[in-house]
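Count along the sequence shown from 1, add 480, and you get the number used in the numbering used here.
All residues carry an ideal CB built from backbone N, CA and C; glycine is no exception.
Note that the structure is predicted; figures quoted are calculated from it, not measured.
Heads up, the thing below is written out as C-alpha coordinates.
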Amino acid sequence: MNDIRQIAFTNELRFERPRAEVFEAFLESEKWFQVSYGGERLKGVVTERRVGGHIYEDWGDGAGMLYGTIGWWDPPAGYSEVSHMLGGGITLTHRYEFEEDGGATILRQRFSAFGPISDEMAAGIKWHGSLKTFEAQLRSWIERGEVTAPPEFSMG
(Lines of atoms letter the chains of each structure in order from A and count residues from 1; the text may use other names and numbers.)
(Lines give C-alpha, C1' and ligand atoms only; values in the text may rest on other atoms or scores of the structure.)
Protein backbone atom coordinates (compact mmCIF):
# COMPACT_ATOMS: atom_id res chain seq x y z
CA MET A 1 0.00 0.00 0.00
CA ASN A 2 1.30 3.45 -0.88
CA ASP A 3 1.51 6.35 1.55
CA ILE A 4 -1.11 9.09 1.29
CA ARG A 5 0.49 12.23 -0.09
CA GLN A 6 -0.26 15.40 -1.94
CA ILE A 7 1.47 16.76 -5.02
CA ALA A 8 0.78 20.39 -5.90
CA PHE A 9 2.27 22.91 -8.29
CA THR A 10 1.48 26.06 -10.23
CA ASN A 11 2.78 26.93 -13.69
CA GLU A 12 2.52 30.11 -15.73
CA LEU A 13 3.09 30.36 -19.48
CA ARG A 14 2.77 33.56 -21.52
CA PHE A 15 1.50 33.41 -25.10
CA GLU A 16 1.60 36.17 -27.70
CA ARG A 17 -2.06 35.74 -28.59
CA PRO A 18 -5.37 37.19 -27.33
CA ARG A 19 -7.04 35.40 -24.43
CA ALA A 20 -10.02 34.01 -26.38
CA GLU A 21 -7.67 32.50 -29.01
CA VAL A 22 -5.44 30.92 -26.36
CA PHE A 23 -8.47 29.48 -24.55
CA GLU A 24 -9.89 27.89 -27.71
CA ALA A 25 -6.52 26.55 -28.89
CA PHE A 26 -5.81 25.10 -25.44
CA LEU A 27 -9.08 23.14 -25.56
CA GLU A 28 -7.81 21.37 -28.69
CA SER A 29 -5.60 19.28 -26.42
CA GLU A 30 -4.99 16.51 -28.96
CA LYS A 31 -2.94 19.10 -30.90
CA TRP A 32 -0.44 19.63 -28.08
CA PHE A 33 -0.87 16.88 -25.43
CA GLN A 34 -0.73 13.92 -27.83
CA VAL A 35 -0.83 11.33 -25.08
CA SER A 36 -3.70 8.89 -25.52
CA TYR A 37 -4.93 5.88 -23.61
CA GLY A 38 -6.74 4.71 -26.74
CA GLY A 39 -3.77 4.91 -29.11
CA GLU A 40 -4.91 4.20 -32.67
CA ARG A 41 -8.54 3.89 -31.53
CA LEU A 42 -8.70 7.58 -30.55
CA LYS A 43 -11.37 9.44 -32.53
CA GLY A 44 -10.85 12.67 -30.59
CA VAL A 45 -10.86 14.35 -27.21
CA VAL A 46 -14.31 15.66 -26.28
CA THR A 47 -14.87 18.63 -23.98
CA GLU A 48 -18.50 19.10 -22.96
CA ARG A 49 -18.38 22.87 -22.51
CA ARG A 50 -20.43 23.36 -19.33
CA VAL A 51 -20.32 22.89 -15.58
CA GLY A 52 -20.77 19.17 -14.96
CA GLY A 53 -19.54 18.38 -18.47
CA HIS A 54 -16.97 15.70 -19.10
CA ILE A 55 -13.61 15.73 -20.80
CA TYR A 56 -12.87 12.35 -22.33
CA GLU A 57 -11.21 10.35 -25.07
CA ASP A 58 -13.72 9.07 -27.62
CA TRP A 59 -12.71 5.69 -29.04
CA GLY A 60 -16.00 5.16 -30.88
CA ASP A 61 -19.06 3.03 -30.10
CA GLY A 62 -19.32 4.43 -26.56
CA ALA A 63 -15.81 3.33 -25.58
CA GLY A 64 -13.22 5.73 -24.21
CA MET A 65 -11.46 7.14 -21.15
CA LEU A 66 -12.91 9.81 -18.86
CA TYR A 67 -10.32 12.49 -18.05
CA GLY A 68 -12.47 14.49 -15.66
CA THR A 69 -15.59 16.46 -14.80
CA ILE A 70 -15.75 20.24 -15.20
CA GLY A 71 -16.43 22.01 -11.91
CA TRP A 72 -15.90 25.62 -13.02
CA TRP A 73 -16.52 26.87 -16.57
CA ASP A 74 -16.14 30.57 -17.45
CA PRO A 75 -14.72 31.04 -20.97
CA PRO A 76 -12.35 32.62 -21.76
CA ALA A 77 -11.37 33.27 -18.11
CA GLY A 78 -10.81 29.56 -17.44
CA TYR A 79 -12.10 26.25 -16.18
CA SER A 80 -11.34 23.51 -13.69
CA GLU A 81 -11.77 19.77 -13.67
CA VAL A 82 -11.53 16.99 -11.14
CA SER A 83 -10.53 13.45 -12.00
CA HIS A 84 -10.21 10.01 -10.47
CA MET A 85 -8.75 8.54 -13.65
CA LEU A 86 -5.78 6.91 -11.92
CA GLY A 87 -8.13 4.86 -9.75
CA GLY A 88 -7.18 3.56 -6.34
CA GLY A 89 -8.44 6.62 -4.48
CA ILE A 90 -6.25 9.25 -6.17
CA THR A 91 -7.94 12.57 -6.91
CA LEU A 92 -6.48 15.00 -9.45
CA THR A 93 -7.57 18.63 -9.75
CA HIS A 94 -6.65 20.95 -12.59
CA ARG A 95 -7.47 24.66 -12.74
CA TYR A 96 -6.60 26.68 -15.84
CA GLU A 97 -6.86 30.48 -15.73
CA PHE A 98 -6.38 32.69 -18.79
CA GLU A 99 -5.35 36.25 -17.89
CA GLU A 100 -5.09 39.12 -20.37
CA ASP A 101 -1.66 40.74 -20.48
CA GLY A 102 -1.83 43.52 -23.06
CA GLY A 103 -2.27 41.71 -26.39
CA ALA A 104 -0.88 38.52 -24.87
CA THR A 105 -2.26 35.92 -22.44
CA ILE A 106 -0.89 34.36 -19.29
CA LEU A 107 -2.06 30.77 -18.83
CA ARG A 108 -1.89 29.79 -15.18
CA GLN A 109 -2.19 26.16 -14.20
CA ARG A 110 -2.90 25.07 -10.63
CA PHE A 111 -2.62 21.32 -10.14
CA SER A 112 -2.93 18.95 -7.22
CA ALA A 113 -3.05 15.21 -6.72
CA PHE A 114 -4.01 13.53 -3.46
CA GLY A 115 -4.13 9.91 -2.43
CA PRO A 116 -2.02 6.77 -2.10
CA ILE A 117 0.79 7.70 -4.49
CA SER A 118 4.02 5.73 -4.95
CA ASP A 119 7.30 7.43 -5.88
CA GLU A 120 6.99 6.09 -9.44
CA MET A 121 3.41 7.33 -9.74
CA ALA A 122 4.44 10.74 -8.36
CA ALA A 123 7.08 11.10 -11.08
CA GLY A 124 4.53 10.20 -13.77
CA ILE A 125 1.91 12.55 -12.34
CA LYS A 126 4.37 15.45 -12.20
CA TRP A 127 5.53 14.81 -15.78
CA HIS A 128 2.12 14.23 -17.40
CA GLY A 129 0.28 16.78 -15.27
CA SER A 130 2.56 19.77 -15.81
CA LEU A 131 2.08 22.18 -18.70
CA LYS A 132 5.83 22.90 -18.48
CA THR A 133 6.41 19.39 -19.88
CA PHE A 134 4.41 20.34 -22.98
CA GLU A 135 5.50 23.98 -23.27
CA ALA A 136 7.16 23.55 -26.69
CA GLN A 137 4.07 21.78 -28.06
CA LEU A 138 1.74 24.40 -26.57
CA ARG A 139 3.77 27.28 -28.05
CA SER A 140 3.92 25.62 -31.43
CA TRP A 141 0.15 25.04 -31.53
CA ILE A 142 -1.11 28.23 -29.85
CA GLU A 143 1.32 30.74 -31.36
CA ARG A 144 2.00 29.20 -34.79
CA GLY A 145 -0.82 26.72 -35.43
CA GLU A 146 1.70 23.90 -35.86
CA VAL A 147 1.55 20.44 -34.30
CA THR A 148 4.92 19.13 -33.11
CA ALA A 149 5.97 15.75 -31.75
CA PRO A 150 5.35 15.10 -28.05
CA PRO A 151 8.25 15.04 -25.60
CA GLU A 152 9.75 11.73 -24.50
CA PHE A 153 8.67 10.63 -21.02
CA SER A 154 11.34 11.30 -18.42
CA MET A 155 11.38 10.40 -14.73
CA GLY A 156 13.90 13.19 -14.14
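Boundaries of the alpha helix (DSSP H) in which residue i is found, first to last residue
i: D471; result: Residue numbering for the chain in the displayed model covers 481 to 636; residue 471 lies beyond these limits and cannot be assessed.
Reduced DSSP category for residue i - H, G, I as helix; E, B as strand; rest coil
i: F578; result: strand
i: E561; result: strand
i: V515; result: coil
i: A488; result: strand
i: L522; result: coil
i: A629; result: coil
i: E510; result: helix
i: R529; result: coil
i: E496; result: coil
Where the beta strand (DSSP E) containing residue i begins and where it ends
i: A616; result: Run containing A616: none in the beta strand (DSSP E); it sits in the alpha helix (DSSP H), E615 to R624.
i: R590; result: A584 to P596
i: I535; result: H534 to G540
i: I570; result: First-last for I570: undefined, no H or E at that position.
i: M545; result: A543 to D554
Local Cβ density within 10 Å of residue i, reported as buried at 16 or more and exposed below that
i: Y576; result: buried
i: V531; result: exposed
i: L546; result: exposed
i: T490; result: exposed
i: A593; result: buried
i: R499; result: buried
i: Y517; result: exposed
Selection from the options that minimises the alpha carbon distance to residue i
i: R624; options: E501, H564 and D554; result: E501
i: I586; options: G568, R619 and M481; result: R619
i: G544; options: E600, P596, G524 and F506; result: G524
i: P556; options: G548, L507, V526 and I570; result: L507
i: G609; options: I622, F495 and Q589; result: Q589
i: G548; options: D554, D538, G542 and E561; result: E561
i: G533; options: W553, F614 and P596; result: W553
i: I715; options: K511, G569, Y517 and R521; result: Residue 715 is absent from the structure shown; the chain starts at 481 and stops at 636.
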